[in-house]
Structures are given as structure tokens and as C-alpha cells.
Amino acid sequence: MRQVNRVRAVILNLIQDPEVWIPDRVRNDAKQQGYVALISAIVISILLLTITFTLSFTGFFSRFNVLDAEYKKVSQGLAEACIDNAILKLVSDKNYTLTAADQDIPVGSETCDIVSLHPSPPRTGSIRIKTQGVHNETYTNLNVVIAPGFNITSWEECPNLTSSDTSC
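Per this note's numbering, residue 1042 is the first one in the sequence shown, and the count goes up by one each step.
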């Protein structure tokens, strides 16, 4: 009987105070799960914000890339216009020499430059023409070689123009 009374006392004690029979480990795990959920929510929020900002700035800066490409097309067109102008002058006079007027040749509302004609007169062989087109600080430097019959034999864009007779 003593054992039965003892079991009854333990059961009554457990029913009246459930905290007694829940192990401390289980209670601590429940508290830690709340912290894990909170930290997870913060980390996921930061990750989503980072992705959102990255995509927003990518779209924002891509418009500048498109604008730079447009400026490059305009500067390239200006440099090509100067090549055409130089060939026209050379067709008229094969021994044409550059003048100050060749520094700012008007092309619409813009200008281009014939930088050099090599070799100096009298010319008998191929002629190297160097031109530069600039639009909104976007440069195109062209180095073109024409044969004695005014056929283009070489056409290249140069990063920088030099005073060399044989290359950019």
C-alpha cells in the first residue's frame, strides 16, 4: 500500500505542477528555437534586401552603358567622316597638305580632326590617314591606309594616336 500511496503522490504532484516533469533540456530547446527563428528571419531579410539593391543598381548602371555605346557610335561616325573628307581632298590633290582648317572639320553640329597624312608630299605610294572623332568625351581614333588607286587597304581603330608613320 505504501508504494501505491507513493505513486499517487507523485502523480498528483505531476498533475498539479507540470514544470516538475518537463526536463530542463526541453524547456531550453523551446527558448532556443525562438532565437533561431528570429536570427533566421533577420538573415533572410538582409539577403533579400541585398539581392534587391543589387538588381536595382544593375538596372540603373546599365543605362549608362547604353549611353556610352551611343556616344561611341557618334564619335566613330565623326572619325569616319574625317576619313571620307581626307580621301576627297587627296583625290582632288594627291599632294594635299594639312592646314589649320583640317583640325576642326564641321560635321553637322559636331567636328572631327584629320590628325595626319603620311608620307609627306610628293606622294607616290600608299597614304596613311589618321583621324579622330570626339563626342561627349568619347574618342574614336582611326588609322586608315589607302593604295595609290584610292582603295582602302587597311582600316583600324587605335587606342591612342602616335606620330609613327607605320602604325597607330
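By construction, the Cβ of each residue, glycine as well, lies at the ideal position given by its N, Cα and C atoms.
Nothing here was measured: the structure is a model prediction, and the numbers come from that model.
Element boundaries [beta strand (DSSP E), containing proline 1147]: Translated into positions along the sequence shown, residue 1147 becomes position 106. According to the DSSP assignment, proline 1147 belongs to the beta strand (DSSP E) that extends over 1146-1148.
Count the CB pairs spanning the stretch 1142-1161 and the stretch 1197-1208 that are closer than 8 Å, and state whether there are at least three. The stretch 1142-1161 makes contact with the stretch 1197-1208, as at least three CB pairs between them are under 8 Å.
DSSP state of lysine 1113, grouped into three classes? Position 72 of the sequence shown, counted from the first residue, corresponds to residue 1113. Residue state, collapsed to three classes: helix.
Boundaries (first-last residue) of the beta strand (DSSP E) holding lysine 1171: Reading the sequence shown from its first residue, position 130 is the one you call residue 1171. Unbroken beta strand (DSSP E) run through lysine 1171: 1168-1176.
Unbroken beta strand (DSSP E) run spanning threonine 1165, endpoints: Numbered from 1 along the sequence shown, position 124 holds the residue referred to as residue 1165. Where threonine 1165 is concerned, there is no enclosing beta strand (DSSP E), given that its DSSP letter is neither H nor E.
Extent of the continuous beta strand (DSSP E) to which tyrosine 1180 belongs: The count along the sequence shown starts at 1 and reaches residue 1180 at position 139. Element bounds for tyrosine 1180: 1179-1187.
Among all the DSSP beta bridges, which residues are the ones paired with cysteine 1199? Within the sequence shown, the letter at position 158 stands for residue 1199. DSSP links cysteine 1199 through a beta bridge to Asn1182.
Is it buried or exposed for serine 1133, if we count other Cβ within 10 angstroms and need 16 for buried? For this step, residue 1133 is matched to residue 92 along the sequence shown. So serine 1133 counts as exposed.
Check whether the stretch 1112-1121 and the stretch 1087-1095 touch, using three or more Cβ-Cβ pairs below 8 Å as the test. Because the criterion of three Cβ pairs below 8 Å is not met, the stretch 1112-1121 and the stretch 1087-1095 do not touch.
Per DSSP, the bridge partner or partners of glutamate 1151: Residue 1151 sits at position 110 when you count from the first residue of the sequence shown. The partner list for glutamate 1151 (beta bridge, DSSP) reads Val1148.
Taking the beta carbon of lysine 1171 as the centre, do at least 16 other beta carbons fall within 10 Å, making it buried, or is it exposed? Within the sequence shown, the letter at position 130 stands for residue 1171. By the neighbour-count criterion, in which 16 or more other beta carbons inside 10 Å mark a residue as buried, lysine 1171 falls on the buried side.
Cβ distance (whole Å) where isoleucine 1187 is taken to contact isoleucine 1128 below 8 Å: Residue mapping note: residue 1187 aligns to position 146 of the sequence shown, counting from 1. Residue mapping note: residue 1128 aligns to position 87 of the sequence shown, counting from 1. That pair is a contact at about 6 Å.
Give me the Cα-Cα distance between leucine 1088 and leucine 1079, rounded to the nearest whole angstrom. Within the sequence shown, numbered from 1, the residue matching residue 1088 stands at position 47. Within the sequence shown, numbered from 1, the residue matching residue 1079 stands at position 38. Separation of leucine 1088 and leucine 1079 (C-alpha to C-alpha, rounded to the nearest whole angstrom) is 14 Å.
If distances are taken between C-alpha atoms only, which option among Asn1177, Phe1102, Arg1164 and Gln1144 comes closest to glycine 1190? Locating residue 1190 in the sequence shown gives position 149, where the first residue counts as 1. Looking from the CA of glycine 1190, the closest CA among Asn1177, Phe1102, Arg1164 and Gln1144 belongs to Arg1164.
Residues of its chain near threonine 1194, where Cβ-Cβ distance is below 6 Å and the 5 sequence neighbours each way are ignored: Here residue 1194 corresponds to residue number 153 of the sequence shown, with the count starting at 1. For threonine 1194, where only same-chain residues beyond five positions count, the Cβ hits under 6 Å are Val1186 and Ala1188.
For asparagine 1201, which residues of its own chain have a beta-carbon under 8 Å away from its beta-carbon, when the five flanking residues on both sides are left out? Here residue 1201 corresponds to residue number 160 of the sequence shown, with the count starting at 1. Excluding sequence positions up to five before and after asparagine 1201, its CB lies within less than 8 Å of the CB of Asn1182 and Cys1209, all in the same chain and listed in chain order.
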